[in-house]
Each structure stands twice: as structure tokens, then as C-alpha cells.
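Q: Here's a structure for you.
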């Protein structure tokens, strides 16, 4: 039996298949290392508890990949691990064996249990550096373009584009080699273009020159800007799509104005649904027509998103909304966080 049939090597190869290299280096080395460690932990458990060391052993022992991962998830729960830790252990295992996380029964992660990347738990040195007037240019830019520091250090004016929908975006490979799409609102375009074409002293940059260096960006607490940007983007489109609800309607003139605003909001909302679905289809070339239609149908459901349990408890404590417009949240997901769904956006960003 060849070495490639060992379960740990098979999983590592699957994890590495779609990883992207930037300047000859893996774009997400900080993610790959813990992934490898957690794959090793799973394989050690599978061999010790079930005698599974090779790919063929899974079926011999009466398991499928999904049922074996479920056994592991149950083992982690029995150990008393927190939902966030269980998710961390399972993510590389599912990716390595080609199983979907949604197929595994596990405790739900709640916003109140996640303290990483919250405003109350920022890098202290980074917070001090961000408050330094010398870094005001970086901070202001990071409030609009919330890519991670490594990606920001590679930005040039060429990354500011007009996409197929006519919107200004920043497009660049970010964490995990995944393309990050950052929506630039009309009133922000001039500032972003100016920042990308001039140095800190306001002198024009040559084509291809970078306005930021890795040294400039070191230790600034960027995570809070991602949270705040997602919240602002969601709030911007919540108002755009639903602001008409609060318009007065006592007189005929007021009712006419309200109805006009409502019709305009519905048209704009439909336009954004079309834009998002178009981007989803382009980013998922293997998706079937049925899957794309289902993605659209889920996005167009008329009901709002209501958060519950621990996520709602945390939102109330922070004075954050407990219900959201689906399309407004999806815009924040796709155009600020590079997510195609909303669960993690609400849990990790909107209720922080």
C-alpha cells in the first residue's frame, strides 16, 4: 500500500489542493499550521480508538467519512470542550475528508461565547498605535477597506476597480488565497483612490507602487475595523431598503411620497439581489442551475432574520439590533467579509 493512502497524508493533500501562493509563499500559512495539528489529533484518535490508519480502514471498520467525523465530534463534546473549540477541531477534518460541517451534529457557536476579535478584547499595543496621529491615514483607510494587513500591504491603485455591476470595489487575494471583494460606496471612492495613488506625504506614486508597507501596518488592531465596517455597511443598506417605513403617511402627499420611496427601495433591493447572485455564480463555477436558483430564493425570502438565544442576549446587551434585512446582511457578508452566507456574519460581526 502506497504512503499516499495514509489518512493523515490524504487529508493534508486535500487541504492543500486549493491553497494559493503569493510571491512563492502560501497565502495562509498561519491557517495551514493549526489545520495540520488538528488533522494529526484526529488521526491519532482514529487510530487509537478505532484502529483506523489508512483510507481503506474507514470502510473496513464500518464507517463513512461523515459518520467517523460525527464520532469524533461526539468525543470532543464528551470531553467538555466549548463549541468554539469543537468547531476549530472539526473544520480541518471536514475539509480534509471532503465533508460539509453542516452534516455534523455539534453544539452551536454563540456570539456571547466568542471573545476573539471583539471590541473589548483588542490588541493593546495595536490600539495604542491606532490612536497615534501618525497612523491616522492607515486607520481611516482600514475603516473602509477591511482586508487583512498582509493583503493591505500589497494594495496598489490597480486593485480599485469597477466591477461587472458598475460598482467600485477593491479586489485582492486575502486570507486563504480567497479573493476579497470590498465594496466602496460612491462617497468613499475619491478618498480610496487618493490614498492608493499618493504616499503618506501626499506625493503621487508611480504605477504599481504600494502606499503601505508591512512595517506601517504592524500591530494595528485591524479586527475591530472589520467588525465596524460590516455593521456600517449593513446599517447603510438597512436604511436604503427600509427607510420608507418611517416616513409619515397622514396626508395624500405624504402617502404618495412614501409609496414612491417604497417602490424605489424595492427596485434597488432587487438590483442588489441580482448583483449578489451573479457574483455567487461566478465564484462557484461548479454550482448547478438548481443550486444558484436556491441561493436566489433563500436571499429573496420576505421575512427578516431574527436572532435568538445567546446571540440575541449579546445583541441586547450591546444595544445592537436583534433582527435584520436579509439582503442588507448579505451585502455586508459578500462585500466586506467575503462570506456567501450570513450565519457567521451575524454571530461574529453584527452582534459584537
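In the numbering used here, the protein residues as written are 626 to 977.
Heads up, the beta-carbon is just placed ideally off N, CA and C, and yes, glycines get one too.
Remember, predicted model here, so these are calculated numbers, not experimental data.
#1: What does the Cβ neighbour count give for residue 876, buried or exposed, with the cut at 16 atoms within 10 Å?
#2: By the three-class DSSP mapping on this structure, what secondary structure does residue 807 have?
#3: If contacts are defined as beta-carbon pairs under 8 Å, then residue 778 and residue 838 qualify, I think. What distance do you get, rounded to the angstrom?
#4: Is the distance from the Cβ of residue 732 to the Cβ of residue 708 below 8 Å?
#5: Touch check for the segment 945 to 962 and the segment 857 to 865: three-plus C-beta pairs under 8 Å?
#6: Using CA coordinates, which residue listed in 806, 703, 634, 976 is at the minimum distance from residue 769?
#7: Put residue 836 into one of helix, strand or coil per three-state DSSP.
#8: Suppose the cutoff is 8 Å on Cβ atoms and the five residues either side in sequence are ignored; what does the same chain contact list for residue 678 look like?
#9: I want to know whether the segment 899 to 906 touches the segment 920 to 940 - three or more CB-CB distances under 8 Å.
#10: For residue 816, count neighbouring C-beta atoms within 10 Å of its own C-beta (all shown protein chains included) and say buried if the count is 16 or more, exposed if not.
#11: Please classify residue 845: is it buried, with 16 or more other beta-carbons within 10 angstroms of its beta-carbon, or exposed?
#12: Cα-Cα, which of 907, 717, 814 is closest to residue 965?
#13: In or out: residue 962 buried (at least 16 other Cβ within 10 Å) or exposed?
#14: Could you pull out every residue in the same chain whose Cβ sits closer than 7 Å to the Cβ of residue 925, ignoring the five residues on either side in sequence?
#15: Hey, quick one: how far does the beta strand (DSSP E) through residue 786 stretch, first residue to last?
#16: Should residue 881 be labelled buried (16 or more other beta-carbon atoms within 10 Å of its own) or exposed?
#17: What's the gap between the Cα of residue 698 and the Cα of residue 711?
#18: Identify whether residue 829 lies in helix, strand or coil by the three-state DSSP scheme.
#19: How is residue 948 classed by DSSP in three states: helix, strand or coil?
#20: On the premise that residue 721 lies in contact with residue 640, defined as a C-beta separation below 8 Å, what is that separation, rounded to the nearest angstrom?
#21: With DSSP collapsed to three states, give me the class of residue 744.
#22: Exposed or buried, what is residue 836 when buried is set at 16 or more other beta-carbons lying within 10 Å of its beta-carbon?
#23: Classify residue 812 as helix, strand or coil using the three-state DSSP reduction.
#24: So, with DSSP's three-state summary, where would you put residue 675?
#25: Please classify residue 771: is it buried, with 16 or more other beta-carbons within 10 angstroms of its beta-carbon, or exposed?
#26: Over what stretch of residues does the alpha helix (DSSP H) that includes residue 964 continue unbroken?
#27: To the nearest whole angstrom, what separates the beta carbons of residue 977 and residue 852, a pair I think is in contact under 8 Å?
#28: According to DSSP, is residue 688 helix, strand or coil?
#29: How is the beta strand (DSSP E) around residue 793 delimited, first residue to last?
#30: Please identify the residue among 804, 848, 662 whose C-alpha is closest to the C-alpha of residue 909.
A: In brief:
#1: exposed
#2: strand
#3: About 6 Å; that satisfies the 8 Å criterion.
#4: Cβ distance < 8 Å, so residue 732 and residue 708 count as in contact.
#5: yes
#6: 806
#7: coil
#8: 631, 632, 668, 671, 672
#9: yes
#10: exposed
#11: buried
#12: 907
#13: Under this definition residue 962 is a buried residue.
#14: These residues qualify, in order along the chain: 898.
#15: 785 to 787
#16: That one is exposed.
#17: 7 Å
#18: strand
#19: strand
#20: 5 Å
#21: Only weak support exists for where residue 744 lies, its pLDDT of 49 falling under 50; the value from the coordinates is given anyway. Here residue 744 sits in helix by DSSP.
#22: buried
#23: helix
#24: helix
#25: By the neighbour-count rule (16 or more Cβ atoms within 10 Å), residue 771 is buried.
#26: That residue, residue 964, is in no alpha helix (DSSP H); it is neither H nor E in DSSP.
#27: Yes, they are in contact, since the Cβ atoms of residue 977 and residue 852 sit about 5 Å apart, within 8 Å.
#28: coil
#29: The continuous beta strand (DSSP E) containing residue 793 extends over residues 793 to 798.
#30: 804
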